[in-house]
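Novice: Residue numbering for the sequence shown follows numbering that gives the first Met the number 0, beginning at 0 and increasing consecutively. Yeah, the Cβ is synthetic: ideal placement off N, Cα and C, and Gly gets one too.
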Amino acid sequence: MPTAFDTLNKSATMALSGGNLVATSSGVGTAAAARRISGLTYCEFTITTLTGTSGVGFVNVYYNMAGGVVMGTSNEGLSYRSSGVVARNNATITTLATYAQGDRVDMAIDVINRRVWFRVNGGNWNNSPTADPVTNAEGIDYTALSAMNVAPAVTASATGTVITAAFDSFAGTPPTGFQSITAQQGGAINGTQEKQQSYATPTPSFLSAWLNDDGGWYGGNRVWAPASPATSVSGQVQEYGTPVPGKAVYLYDVHTGEKIGEDVSDGSGNFSIPALGRTSVFAVAIDPPFNAIIYDQVVPV
Numbered sequence: 000m001p002t003a004f005d006t007l008n009k010s011a012t013m014a015l016s017g018g019n020l021v022a023t024s025s026g027v028g029t030a031a032a033a034r035r036i037s038g039l040t041y042c043e044f045t046i047t048t049l050t051g052t053s054g055v056g057f058v059n060v061y062y063n064m065a066g067g068v069v070m071g072t073s074n075e076g077l078s079y080r081s082s083g084v085v086a087r088n089n090a091t092i093t094t095l096a097t098y099a100q101g102d103r104v105d106m107a108i109d110v111i112n113r114r115v116w117f118r119v120n121g122g123n124w125n126n127s128p129t130a131d132p133v134t135n136a137e138g139i140d141y142t143a144l145s146a147m148n149v150a151p152a153v154t155a156s157a158t159g160t161v162i163t164a165a166f167d168s169f170a171g172t173p174p175t176g177f178q179s180i181t182a183q184q185g186g187a188i189n190g191t192q193e194k195q196q197s198y199a200t201p202t203p204s205f206l207s208a209w210l211n212d213d214g215g216w217y218g219g220n221r222v223w224a225p226a227s228p229a230t231s232v233s234g235q236v237q238e239y240g241t242p243v244p245g246k247a248v249y250l251y252d253v254h255t256g257e258k259i260g261e262d263v264s265d266g267s268g269n270f271s272i273p274a275l276g277r278t279s280v281f282a283v284a285i286d287p288p289f290n291a292i293i294y295d296q297v298v299p300v
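(1) Comparing alpha-carbon positions, which option in R103, Y62, G138 lies nearest T93?
(2) For I180, name the three-state secondary structure that DSSP assigns.
(3) Could you check whether the segment 67-77 touches the segment 174-185, counting it as contact only if at least three pairs of C-beta atoms, one from each stretch, sit closer than 8 Å?
(4) Which of the three DSSP states is assigned to N8 in this structure?
(5) Alpha carbons only, please: which of K9, V21, V55, R34 is nearest the one belonging to Y249?
(6) Excluding the five sequence neighbours on either side, which residues of its own chain have a C-beta within less than 7 Å of the C-beta of D102, listed in chain order?
(7) Going by the beta-carbon positions, is the gap between S81 and T154 smaller than 8 Å?
(8) Can you list, in chain order, the residues of its chain whose CB lies under 8 Å from that of Y251, leaving out five sequence neighbours each side?
(9) So, is S179 buried or exposed, given that buried needs 16 or more other C-beta atoms within 10 angstroms?
(10) Determine the contact status of F177 and P132, defining contact as a CB-CB distance below 8 Å.
(11) Which of the three DSSP states is assigned to N63 in this structure?
(12) Just the C-alpha distance for P225 and I272, rounded to the nearest angstrom, thanks.
(13) Restricting to Cα atoms, I'd like to know which of G28, A107, A22 is closest to T175.
(14) Can you check which of these residues, V68, A165, Q235, is closest to T40 by C-alpha distance?
(15) Where do the ends of the beta strand (DSSP E) carrying G159 lie?
(16) Are V115 and Y141 closer than 8 Å when you measure CB to CB?
(17) In the DSSP output, which residue or residues are listed as bridge partners for M70?
(18) Determine, using beta carbons only, whether V263 and S37 come nearer to each other than 8 Å.
(19) Here's the rule: buried if 16 or more other CB atoms are within 10 angstroms of the residue's CB, otherwise exposed. What is T172?
(20) Return the chain-ordered list of same chain residues with a C-beta closer than 8 Å to the C-beta of A130, the five sequence neighbours on each side being excluded.
(21) Which residues in the same chain as V84 place their Cβ atom closer than 6 Å to its Cβ, once the five residues preceding and following it in sequence are excluded?
(22) Smallest Cα separation from G66: which of K9, N19, D5?
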């Protein structure tokens, strides 16, 4: 299933259309994609109509869509604005080329090294002839973001801005090794498919996870039943004992099947997902090369 903007993760001032790939503002607001970024990810944004200041970039799970501010004002998001400013936490990180109505802005993100690159109409990455996502050269460092599980997003400061996203089919050429967000995550995300594909890979990763509740226990069906409501599930994605970075990890309520959180394993393979007070949860990790989700050999710590 292709990636689009999330109808449940946007400001009320952002209307979606065109298969939820077109965001139109009726005031200050932000709209985020329905999938989190993993691995090396590429996407494009066309500034169909520009009023005020627009921005493209990403937000994490703590971003306040009802905050009434443009993305990059808080420490939960980063935006490359039409003014050329790249902002996070209401501060200018760097200044790149400006862009205007009709321009296409490309974004390449390396979640393992916490770096991002932007270009306008296929020009130089980060407005530099020597910047290169493939070699990790001159990427914008976003390690100071409040949390690392991020989704592509767009933002507007005024009524009438229209931004069209391309998360899967591109006009430009992605950097070598970079893929669409859908390809990185191995297809559609739903509980039925995940369970059907749990053991599809011949070289399974495994997930070592623990709750921050010493009273928890682990059963053979991979269900945590902590003595009191857990606030988070943390752990490390591994393959044959080696930590694996850049893998999407999802947390589910075992009773309802509801997905309650997600993260991307960092450079050391580690992840942490808020459990929202649920008492029985399980985690899954995605293995994109085999379009599989692996959650075997969960070991409590």
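Specialist: According to the data block:
(1) Residue 93 sits at position 94 when you count from the first residue of the sequence shown. If we check each option's Cα against that of T93, G138 comes out closest.
(2) Locating residue 180 in the sequence shown gives position 181, counting from the first residue. I180 falls in the helix class under three-state DSSP.
(3) no
(4) Within the sequence shown, the letter at position 9 stands for residue 8. The answer is strand: DSSP assigns N8 an E or B state.
(5) For this step, residue 249 is matched to residue 250 along the sequence shown. Nearest option by C-alpha distance: R34.
(6) Within the sequence shown, residue 102 is the residue found at index 103, counting from 1. Same-chain partners within the cutoff: I46, V119, N120.
(7) Within the sequence shown, numbered from 1, the residue matching residue 81 stands at position 82. Within the sequence shown, numbered from 1, the residue matching residue 154 stands at position 155. Not in contact: S81 and T154 (Cβ atoms no closer than 8 Å).
(8) Numbered from 1 along the sequence shown, position 252 holds the residue referred to as residue 251. Cβ within range, chain order: G190, E257, K258, I259, V280, F281, A282, V283.
(9) For the purposes of this step, residue 179 is taken as the residue at position 180 of the sequence shown. Classification for S179: buried.
(10) Within the sequence shown, the letter at position 178 stands for residue 177. Within the sequence shown, the letter at position 133 stands for residue 132. Taking 8 Å as the Cβ cut-off, F177 and P132 qualify as a contacting pair.
(11) Taking the sequence shown and counting its residues from 1, one reaches residue 63 at position 64. N63 falls in the coil class under three-state DSSP.
(12) Against the sequence shown, residue 225 aligns to sequence position 226. Against the sequence shown, residue 272 aligns to sequence position 273. Reliability of the predicted coordinates at P225 is poor, the pLDDT of 44 falling under 50, and the value obtained from them is presented with this limitation in mind. Distance between the alpha carbons of P225 and I272: 15 Å.
(13) Counting from 1 along the sequence shown, the entry for residue 175 is found at position 176. Nearest C-alpha to T175: A107.
(14) Sequence index remark: in the sequence shown, residue 40 carries index 41 (1-based). With distances taken between Cα atoms, T40 lies closest to A165.
(15) As a working note, residue 159 is residue 160 in the sequence shown. G159 -> beta strand (DSSP E) spans 158-165.
(16) Working through the sequence shown from its first residue, we reach residue 115 at position 116. Working through the sequence shown from its first residue, we reach residue 141 at position 142. Yes. Within cutoff.
(17) In the sequence shown, residue 70 corresponds to position 71, counting from 1. DSSP, once it has assigned bridges, lists no residue as partnering M70.
(18) To locate residue 263, count along the sequence shown from 1; it is residue 264. To locate residue 37, count along the sequence shown from 1; it is residue 38. It is a contact, given that the beta carbons lie within the stated cut-off.
(19) The residue you call residue 172 lines up with position 173 of the sequence shown. Classification for T172: exposed.
(20) In the sequence shown, residue 130 corresponds to position 131, counting from 1. Excluding positions up to five away in sequence, the list reads W116, N123, W124, A136, E137, G138.
(21) Start at 1 with the first residue of the sequence shown, and residue 84 comes out as number 85. T91, T94.
(22) Taking the first residue of the sequence shown as position 1, residue 66 is located at position 67. Ranking K9, N19, D5 by Cα distance to G66 puts K9 first.
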